[in-house]
Amino acid sequence: MINFRPIARVIAVLLLLIGGLMFTGIPFSLYFDSGDLWALLNSGLICVVVGGALWLVKSPGERNIRKREGYLIVALGWLAMVTFGMLPYLLSGVIPDIVGAIFETVSGMTTTGASVLTDIEAAPEGILYWRSLTQWIGGMGIIVLTVAIFPLLGIGGIELFVAEAPGPTSDKLHPRIRETAKRLWQIYVGLTILLTGALLIAGLSFYEALNHALTTMATGGFSTKNASMAHYDLPAVQYPVIFFMFLAGTNYTVIYYGLKGRLRKVWQSDEFKAYLFLVVALTAIVTLGVRYHTGLGWEKSFRDSLFQIVSIVTTTGFVSADYTAWGNSLMMVFFVLMFLGACAGSTSGGIKLVRHLVFFKNSFLEFKRILHPRAVIPLKLNGQVVTGRILTHIIIFLLLYLFLFVIGSIIVAAMGLDFMTAVGAVATSLGNVGPGIGKVGPVDNFAWLSPGIKLFLSFLMLLGRLELFTILVLFTPYFWKSN
């Protein structure tokens, strides 16, 4: 039997946090006199009032969160964040229609970066800051932050943490889950501050530096400029963003070991080595292709190639150049990259490299098993044997992801999109990437899509952000059975 009693207080904390974070946009609204003060203030007050009311609800009985409650709270928590997170768009009139506001908010919270704003620079500064902040909130997962302060609730948070970050690895920085969540957020906040400082040194204003630091560390890709990072066509700006995008796509456990000086532990990560090798190899190949197709200088070809590869692999979605104009072969390379994702335990979306790594390692070992059918040949990752249960989970995930991509593409094509745009829109939404191919490429946006397609893509974004199972399990009869 599902225990609904603790859910109200958890959602209350989420709304109180969302409301408080909305208030942080008020100084920007006042400084720029951008006309969105009351939209931010009223939105924040609504969140605080509703959250406060839920907090005051008294519910006797067991408060422990079990696995079922954890998954349900994550789903309801994201629904609440989207419902209340879109209020600034609606109240300010920046996005007057509900479907568009839902799409923009889901895209922000899931760090996808797809947008329905046709003129970003015309939007008020306070709203653009909130837009960037939605990605930063979703990057590490506000529910993980809630786990860090769960002692205030008297609720155990292990199941909630697992539901929010359901990747195939179970590394912990600290044996207590609350301490793990705190250390993750300390690293996350610290890296955001460092990138803000680097962009300030590069010449950006504090407002521009902060906004891009928020969305970079979240691997989100929202920008305050219509041309995205192509607006800042300077090595001093783009190279720091590339470096921090790469860090944001790295497993935070690996980052933690690196900060502690435990470099041997860093290099023991098979996934990190594959991640680094993939970026280096692809950059070399794509640089040659860009140089050939565009005739740009070597530095510019290298920087554009490296920027777009890291941006797509990490599912950040920043745009420094139009990769669809580099020829069909390179465009297909970037389309395939949308299915990779960076490291598990990072803020990136997508399938994650560790799943691909396990799949290919197991496929290679299968040839050896065919030749030696009686031999016991274990699959190892980071020097440890991968259990059959994890292997089965990864294979099911890959098949399910492919199935959803195919079915999703058929559905949006049936709703009126051409083939290239349909597969591009579904791939970028399910992978939380941002730019796609076709008519939703890096120089386009999603404003022209029908309301039905926007809602369907929003659902795919949420599925991708929570790695499929967290949401899909709610639609199974097993979840709602008492035993």
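For the sequence shown, the residue numbers in the working numbering are 11 to 493.
Note that beta-carbon positions come from the ideal geometry of N, C-alpha and C, so glycine has one too.
Answer yes or no: do Asn372 and Leu350 have a C-beta to C-beta separation smaller than 8 Å? In the sequence shown, counting from the first residue as 1, residue 372 sits at position 362. In the sequence shown, counting from the first residue as 1, residue 350 sits at position 340. No; because the gap between Cβ atoms is not below 8 Å, this pair is not in contact.
Please work out which residues of its chain come closer than 7 Å, Cβ to Cβ, to Met341, disregarding the five sequence neighbours upstream and downstream, and give them in chain order. For the purposes of this step, residue 341 is identified with residue 331 of the sequence shown, where counting begins at 1. Excluding its 5 nearest sequence neighbours in each direction, Met341 has C-beta neighbours in its own chain below 7 Å: Tyr333, Thr334, Ile447, listed in chain order.
Measuring straight from C-alpha to C-alpha, what distance separates Glu135 and Ile211? Position 125 of the sequence shown, counting from 1, holds the residue named residue 135. Position 201 of the sequence shown, counting from 1, holds the residue named residue 211. The straight-line gap from Cα to Cα measures roughly 22 Å.
Backbone CA spacing between Ile322 and Arg78 [nearest angstrom]: Position 312 of the sequence shown, counted from the first residue, corresponds to residue 322. Position 68 of the sequence shown, counted from the first residue, corresponds to residue 78. Approximately 34 Å between the Cα atoms of the pair.
Any 3 or more C-beta pairs closer than 8 Å across the region 368 to 388 and the region 449 to 466: Touching, no, given that fewer than three Cβ pairs across the two stretches are closer than 8 Å.
Need the endpoints of the alpha helix (DSSP H) that Tyr285 sits in, please. Here residue 285 is taken as the residue at index 275 of the sequence shown, counted from 1. In the DSSP assignment, Tyr285 falls within the unbroken alpha helix (DSSP H) covering 280 to 304.
Per DSSP, Val501 forms a beta bridge with which residues? In the structure as shown, the chain starts at 11 and stops at 493, and residue 501 therefore has no counterpart that could be examined.
Host alpha helix (DSSP H) of Asp314 (start-end): Looking up residue 314 in the sequence shown gives position 304. 308 to 323 is the span of the alpha helix (DSSP H), which, as asked, contains Asp314.
I'd like to check one pair, Thr326 with Gly434: are the Cβ atoms closer than 8 Å? Indexing the sequence shown from 1 puts residue 434 at position 424. Indexing the sequence shown from 1 puts residue 326 at position 316. No, Cβ-Cβ distance for Gly434 and Thr326 is not below 8 Å.
Alpha carbon to alpha carbon, how far is Val109 from Tyr488? Give it in angstroms, no decimals. For the purposes of this step, residue 488 is taken as residue 478 along the sequence shown, with counting starting at 1. For the purposes of this step, residue 109 is taken as residue 99 along the sequence shown, with counting starting at 1. Going by the C-alpha atoms only, they are around 32 Å apart.
If I measure Cβ to Cβ from Thr144 and keep anything under 7 Å in the same chain, skipping five residues before and after, which residues do I get? By 1-based counting over the sequence shown, the position of residue 144 is 134. If we look at Thr144 and ignore the five residues flanking it on each side, its Cβ neighbours are Gly95, Thr115, Gly118, Met119.
When you compare the CB positions of Ser439 and Thr225, do they come within less than 8 Å of one another, or not? Position 429 of the sequence shown, counted from the first residue, corresponds to residue 439. Position 215 of the sequence shown, counted from the first residue, corresponds to residue 225. In this structure, Thr225 does not lie closer than 8 Å to Ser439 by Cβ.
Using a Cβ-Cβ cutoff of less than 8 Å, which residues in the same chain neighbour Ile17 once the five nearest sequence positions on both sides are dropped? Along the sequence shown, one-based indexing puts residue 17 at 7. The answer, listed in chain order, is Glu79, Leu82, Ile83, Leu86.
Got a sec, what are the start and stop residues for the alpha helix (DSSP H) Pro452 sits in? Locating residue 452 in the sequence shown gives position 442, counting from the first residue. The continuous stretches of alpha helix (DSSP H) do not include Pro452, and DSSP gives it neither H nor E.
Which same chain residues, not among the five before or five after Ala284, have their C-beta less than 7 Å away from its C-beta? Your numbering for residue 284 matches position 274 in the sequence shown. Closer than 7 Å at Cβ, skipping near neighbours: Leu363, Leu367.
Same chain, Cβ closer than 8 Å to Gly359, neighbours up to 5 away in sequence not counted: Within the sequence shown, numbered from 1, the residue matching residue 359 stands at position 349. Taken in chain order, the residues that qualify are Thr120, Thr121, Thr122, Thr229, Thr325, Gly351, Gly441, Asn442, Val443, Gly474, Arg475.
Measuring CA to CA, which of Val264, Glu189, Gln278, Asp314 is closest to Val247? Residue numbering aside, residue 247 sits at position 237 when the sequence shown is read from its first letter. Comparing Cα-Cα distances from Val247 to each of Val264, Glu189, Gln278, Asp314, the minimum goes to Asp314.
Per-residue DSSP class, three states only, for Gly426: For this step, residue 426 is matched to residue 416 along the sequence shown. It is coil, neither helix nor strand.
Is there contact here, the region 263 to 273 with the region 302 to 320, by at least three beta-carbon pairs under 8 Å? Three or more beta-carbon pairs separated by less than 8 Å are not found between the region 263 to 273 and the region 302 to 320, which leaves the two stretches without contact.
Just the Cα atoms here: how many angstroms apart are Arg379 and Thr260? In the sequence shown, counting from the first residue as 1, residue 379 sits at position 369. In the sequence shown, counting from the first residue as 1, residue 260 sits at position 250. For Arg379 and Thr260, the distance between alpha carbons rounds to 33 Å.
Are the Cβ atoms of Ile197 and Ile252 separated by less than 8 Å? Taking the first residue of the sequence shown as position 1, residue 197 is located at position 187. Taking the first residue of the sequence shown as position 1, residue 252 is located at position 242. No, they are not a contact pair.
Buried or exposed: which applies to Pro161, given that a residue is buried once 16 or more other Cβ atoms fall within 10 Å of its Cβ? As a first step, residue 161 must be located in the sequence shown, where it is residue number 151. Here Pro161 scores only 47 on pLDDT, less than 50, and its place in the model should not be relied on; the value that follows carries that caveat. Per the 10 Å Cβ criterion, exposed.
Give me the Cα-Cα distance between Gly393 and Arg365, rounded to the nearest whole angstrom. As a working note, residue 393 is residue 383 in the sequence shown. As a working note, residue 365 is residue 355 in the sequence shown. So the two alpha carbons sit approximately 16 Å from each other.
Is the Cβ-Cβ distance between Met91 and Leu24 less than 8 Å? For the purposes of this step, residue 91 is identified with residue 81 of the sequence shown, where counting begins at 1. For the purposes of this step, residue 24 is identified with residue 14 of the sequence shown, where counting begins at 1. Going by beta carbons, Met91 and Leu24 fall inside the 8 Å limit.
Is Val443 helix, strand or coil by DSSP? The sequence position of residue 443 within the sequence shown is 433, counting from 1. The answer is coil: DSSP assigns Val443 none of H, G, I, E or B.
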